[in-house]
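Take the sequence shown: its letter number 21 is residue 20 in numbering that gives the first Met the number 0, and every next letter is one higher.
What follows is a set of notes on a single structure, which appears directly below.
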Amino acid sequence: MRRKIQLVRRCGVVAVGCAAFVFGPPLRSLNAASDALPFRLESVGHSATGQFTLRLHGQAGQTYTLEGSSSLANWAPLLTTNLASDTAEWTDAEAASLAQRFYRARLGSNEPTPNPLTVIALLDSNRTNTARLPVTGGTLSLTSEESTVFTLSIPTGALREEQEISMTVVTNIVGLPLSGGLIGAVQLAPEGLQLFTNATLTIQSATPFSTNELTSFAYRGTGEDFHWFPDEISGNTVVLFLSHFSGHGSGRGTDQDRGPQNQRTPSDPSARAEQRAAQATHTARSQGRRVDEGTLSELLSEYAEAVRSRVEQGLSSDGALTLAIWHFQRWWLLVQQYRMADRFAPTAEEFLNGLGAGGKNLIDRHHQQCLQNKDPSEIKTIWTWARTFADYGLVPRSGLTPEFIRTTLVKCARFELSFDSTIELPKAYSSRLQATVVQEASPDSLIWDSPRRSMTVSGKGILEYVSFAVSLPCVVEAIGYGAELDVFTLLDLGTRADERPRVVGLGFTIMTAVRERVVYQCPGTEPAVDEPQFWPGFFEHFHEQESQEPPNPAAAGYYEMRDWTAEQGSIVGRKSYSNSLGDLIERTTLRTEHRPLP
């Protein structure tokens, strides 16, 4: 309830012919549960490019919604904000492209209370078409029992990777609010698949229909969130433009059929926008005209406000950021479909920058979880999100640069290899060699915008003798000299979110020869020096299966260790050997542990 409205004319100053409403709620409506003070809206001025700036005077901590209209009849939300102080300014970047726009403010958010319709879609499992399409897209066709022909065309750029697509005929929809029944409908899968360019679904009816009775629709899942869907007509063919996959179709209905659904509010913001666009399309078609730009601008502005709210929520939540990215993409495809990209380009830039900031925050959060929990699965999480951000054009924005992503991945993708090998022959010989090698991912090897599900970490270290003893007659000295190791580890990051990375294999090159020096001096003889190479020789014998031709011809040896045992906690994998040859025993353990950096 509003107490007063004052119209402040600014048309002589602002080129778009604007008016601002200044109003506040009646004081008697305030109570202990809501002690909001009256608020007002005023114009601040306009820029040389025609952008219009408004100032809202209210109460810090209260939520206000700013709405706009081109006709004073239909209003669409432009901004919902929670005031940090008693005033806030906002610039309408779209004003320069409008003939006129009116503004008003109200207390509270603009999110409507949903009351969606749920129907039940029945499928014909014998009439389905499935194909695995490349990123260049493709076409699927299907014919119903009534000879209605469905054609799904996916253009180049709509898919980011090869994808299995299926289309199944819908035979009946229980609860369909159209008295004339179905013209035709299909269920597309995978459900909810987000496209990067609109696909086209055509429904070629075997029987004629009138433009007044044609009513297209969509729903989620098996029939949830049913809503009207905008369409185009070409003879007996209905054309639908799809930003994502769900159930889509057309039927025959009257104004009386459509009335109750027009009063319903779908749950999903994209469904609400599609229903409003369908209503506007049907009204314009019945009047023999195209949908006017003012109506389109208002419904796109309303959807934009829902996107803006989700972008703000996405600054601190993974799930909210996912929804924000989806809704931005669906909103932007709808903007492009109605050829209003120039008008909404500033809003799109605002959203992309906000999503970029949310992406940077998300990667920072997962880096902290990687560090605090020593959880190597965060590598995959960061990698997967980075690819998503690249797909949606968020890199580089708001600090979400390739360098930032790579640096964070390198810090998280850091491991430590422990190598411990003992070879002994009781009462004659024993040696123990150890190495600790820090392994990191090279920034150049982190191709985070590729579909790869594995990565390699590498490092160099020293293989040192911890002990070396030769218990043979006349031995007076036994010394072991270590060698340089060059180690790489191949990690499988897995394809499911709940999969831990595991070691697929490890290769290490002994770059310089491991040397052993034994000095013999029996009584009455001169010292004699021998280099028996016990450990290198025995190790090579026991690991003949793992021995490979060294990548570097100058190297002393190269081994590949596979079939690692998966571990829990910070230890990613372990590989243990216990071999013997007569009384000669070899025990070697390799362990890879996650060691992230802050």
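All C-beta atoms in this analysis are idealised placements derived from N, C-alpha and C, irrespective of residue type, glycine included.
(message) Closest to Asp616 by C-alpha separation, out of His45, Arg499, Tyr218, Leu139, would be which residue?
(response) With the chain covering 0 to 597 only, the question about residue 616 has no answer from this structure.
(request) For the beta strand (DSSP E) holding Arg586, just list the boundary residues, first then last. (result) Walking along the sequence shown from the start, residue 586 turns up at place 587. Its beta strand (DSSP E) spans residues 583-593.
(request) Could you tell me whether the region 116-134 touches the region 75-90, using the rule of 3 or more Cβ pairs below 8 Å? (result) Counting Cβ pairs under 8 Å, fewer than three are found: no touch.
(request) Rounded to whole angstroms, what's the CA-CA distance from Val469 to Val513? Just pull it up for me. (result) The residue given as residue 469 occupies position 470 in the sequence shown. The residue given as residue 513 occupies position 514 in the sequence shown. Between the alpha carbons of Val469 and Val513 lies a distance of about 16 Å.
(message) Please state whether the Cβ-Cβ distance between Leu239 and Phe228 is less than 8 Å.
(response) Mapped onto the sequence shown, residue 239 falls at position 240. Mapped onto the sequence shown, residue 228 falls at position 229. Less than 8 Å separates the beta-carbon of Leu239 from that of Phe228.
(request) Answer with buried or exposed for Asp485, where buried requires no fewer than 16 other C-beta atoms within 10 angstroms of its C-beta. (result) One-based indexing of the sequence shown puts residue 485 at position 486. Buried: at least 16 other Cβ atoms inside 10 Å.
(request) State buried or exposed for Val168, treating a residue as buried only when at least 16 other CB atoms are found within 10 Å of its CB. (result) Along the sequence shown, read from residue 1 onward, the residue named residue 168 stands at position 169. The residue is buried, with at least 16 neighbouring Cβ atoms inside 10 Å.
(request) Determine, using beta-carbon pairs with one atom in the region 415-427 and one in the region 579-586, whether at least three such pairs fall under 8 Å. (result) Contact holds: three or more Cβ-Cβ distances are below 8 Å.
(request) Let me know the secondary structure DSSP gives Asn197 once reduced to three states. (result) Within the sequence shown, the letter at position 198 stands for residue 197. Note: Asn197 maps to strand in three-state DSSP.
(request) Please determine, among Ala340, Arg573, Ser429, the residue with the shortest C-alpha to C-alpha distance to Glu292. (result) Taking the sequence shown and counting its residues from 1, one reaches residue 292 at position 293. Residue Ala340 is the option with its Cα nearest to Glu292.
(request) Report yes if the C-beta distance between Leu492 and Val502 is below 8 Å; otherwise report no. (result) For the purposes of this step, residue 492 is identified with residue 493 of the sequence shown, where counting begins at 1. For the purposes of this step, residue 502 is identified with residue 503 of the sequence shown, where counting begins at 1. For Leu492 and Val502, no; Cβs fall outside 8 Å.
(message) So the candidates are Ser285, Glu273, Ile509; which of them puts its Cα closest to the Cα of Leu333?
(response) The residue labelled residue 333 in the question sits at position 334 within the sequence shown. Ranking the options by Cα distance to Leu333, first place goes to Glu273.
(message) By alpha-carbon positions, which one of Asp254, Gly220, Ser209 ends up nearest to Val237?
(response) Along the sequence shown, read from residue 1 onward, the residue named residue 237 stands at position 238. Among Asp254, Gly220, Ser209, the Cα nearest to that of Val237 belongs to Ser209.
(request) State the Cα-Cα distance for the pair Ser28 and Pro111, rounded to the nearest angstrom. (result) For this step, residue 28 is matched to residue 29 along the sequence shown. For this step, residue 111 is matched to residue 112 along the sequence shown. With a pLDDT of 26 at Ser28, under the threshold of 50, the modelled position of this residue cannot be trusted; read the value that follows with caution. One C-alpha to the other measures close to 22 Å.
(message) Suppose the cutoff is 6 Å on Cβ atoms and the five residues either side in sequence are ignored; what does the same chain contact list for Thr170 look like?
(response) Along the sequence shown, one-based indexing puts residue 170 at 171. Leaving aside the five residues that flank Thr170 on each side, the residues in its chain whose CB is nearer than 6 Å to its CB run, in chain order, Leu121, Asp123.
(request) Identify which residue in Gly136, Gly258, Gln260 has its Cα closest to the Cα of Thr600. (result) No answer is possible for residue 600: the residues shown for the chain start at 0 and end at 597.
(message) With a threshold of 8 Å, are at least 3 pairs of Cβ atoms found where one atom belongs to the region 47-63 and the other to the region 276-284?
(response) Contact between the region 47-63 and the region 276-284 is absent, because fewer than three Cβ pairs lie under 8 Å.
(message) Rounding to the nearest angstrom, what Cα-Cα distance links Tyr480 and Leu361 in this structure?
(response) Here residue 480 refers to the residue found at position 481 when the sequence shown is read from its first residue. Here residue 361 refers to the residue found at position 362 when the sequence shown is read from its first residue. Roughly 48 Å separates the two Cα atoms.
(request) For the region 185-194 and the region 250-259, state whether three or more C-beta atom pairs, one from each stretch, are separated by less than 8 Å. (result) Judged by Cβ distances under 8 Å, the region 185-194 makes no contact with the region 250-259, as fewer than three pairs qualify.
(message) For Leu158, tell me which candidate among Gln433, Asp390, Pro595, Phe533 has the shortest Cα-Cα distance.
(response) As a position in the sequence shown, residue 158 is number 159, starting the count at 1. Nearest in C-alpha terms to Leu158, of all of Gln433, Asp390, Pro595, Phe533, is Asp390.
(message) With distance defined between alpha-carbon atoms, name the residue in Asp562, Gln567, Val475 nearest to Tyr576.
(response) Within the sequence shown, numbered from 1, the residue matching residue 576 stands at position 577. That would be Asp562, whose Cα lies nearest to the Cα of Tyr576.
(request) Report the residue from Arg594, Asn551, Pro552, Ala482 whose alpha carbon sits nearest the alpha carbon of Ile570. (result) Here residue 570 refers to the residue found at position 571 when the sequence shown is read from its first residue. Minimum Cα distance to Ile570 is reached at Arg594.
(request) Less than 8 Å between the CB atoms is what I'm expecting for Pro531 and Val517, so what's the real figure, rounded? (result) For the purposes of this step, residue 531 is taken as residue 532 along the sequence shown, with counting starting at 1. For the purposes of this step, residue 517 is taken as residue 518 along the sequence shown, with counting starting at 1. With a contact defined as Cβ atoms closer than 8 Å, Pro531 and Val517 qualify at about 6 Å.
(message) Less than 6 Å between C-beta atoms, sequence neighbours within five positions excluded: which residues of the same chain meet that for Pro597?
(response) Position 598 of the sequence shown, counting from 1, holds the residue named residue 597. Hits under 6 Å: Leu370.
(request) Count the other CB atoms, across all protein chains shown, that sit within 10 Å of the CB of Gly23; report buried if there are 16 or more and exposed otherwise. (result) The sequence position of residue 23 within the sequence shown is 24, counting from 1. Confidence at Gly23 is low in this model, with a pLDDT of 34, below 50, so its placement is unreliable and the value that follows should be read with caution. Gly23 counts as buried, since at least 16 other C-beta atoms from the protein chains shown sit within 10 angstroms of its C-beta.
(message) Quick check: Ser146 and Ala205, are their CB atoms within less than 8 Å of each other?
(response) Within the sequence shown, the letter at position 147 stands for residue 146. Within the sequence shown, the letter at position 206 stands for residue 205. Against a cut-off of 8 Å, the Cβ pair of Ala205 and Ser146 comes out as a contact.
(message) I'd like the ranges of any alpha helix (DSSP H) spanning at least 4 consecutive residues and lying wholly in the region 500-569.
(response) As far as the region 500-569 is concerned, its whole alpha helix (DSSP H) runs of at least 4 residues are 533-541.
(request) Starting from Gln438, follow its DSSP beta bridges and name the residues at the other end. (result) Within the sequence shown, residue 438 is the residue found at index 439, counting from 1. Paired residue(s): Phe414.
(message) Please give the ranges of any beta strand (DSSP E) in the region 69-130, keeping only runs that are unbroken, at least 3 residues long and fully inside the region.
(response) The qualifying runs are 75-81, 86-91, 101-106.
(request) Determine the contact status of Asp363 and Thr587, defining contact as a CB-CB distance below 8 Å. (result) Against the sequence shown, residue 363 aligns to sequence position 364. Against the sequence shown, residue 587 aligns to sequence position 588. It is not a contact, given that the beta carbons lie outside the stated cut-off.
(message) Taking 8 Å as the limit between beta carbons, can you name the residues of its chain near Ser430, skipping five residues before and five after?
(response) Translated into the one-based positions of the sequence shown, residue 430 becomes position 431. Here Ser430 has Thr421, Ile422, Glu423, Tyr464, Ser466, Phe467, Ala468, Gly479, Glu515, Phe533, Trp534 as same chain residues with Cβ atoms under 8 Å from its own Cβ, once five neighbours each way along the sequence are excluded.
(request) With a threshold of 16 other CB atoms inside 10 Å of the CB of Thr591, please say whether the residue is buried or exposed. (result) As a first step, residue 591 is located in the sequence shown; it is residue number 592 there, counting from the start. Thr591 counts as buried, since at least 16 other C-beta atoms from the protein chains shown sit within 10 angstroms of its C-beta.
(message) Using only CA atoms, which one of Glu144, Pro113, Ile119 lies nearest to Asn125?
(response) Counted from its first residue, the sequence shown places residue 125 at position 126. Nearest option by C-alpha distance: Glu144.
(message) By the DSSP assignment, the alpha helix (DSSP H) with Gly318 in it spans what residues?
(response) One-based indexing of the sequence shown puts residue 318 at position 319. Residues 317-336.
(message) DSSP three-state label for Val310, please.
(response) Looking up residue 310 in the sequence shown gives position 311. The answer is helix: DSSP assigns Val310 an H, G or I state.
(message) If distances are taken between C-alpha atoms only, which option among Leu298, Gln544, Gln186, Arg39 comes closest to Gln58?
(response) As a first step, residue 58 must be located in the sequence shown, where it is residue number 59. Nearest option by C-alpha distance: Arg39.
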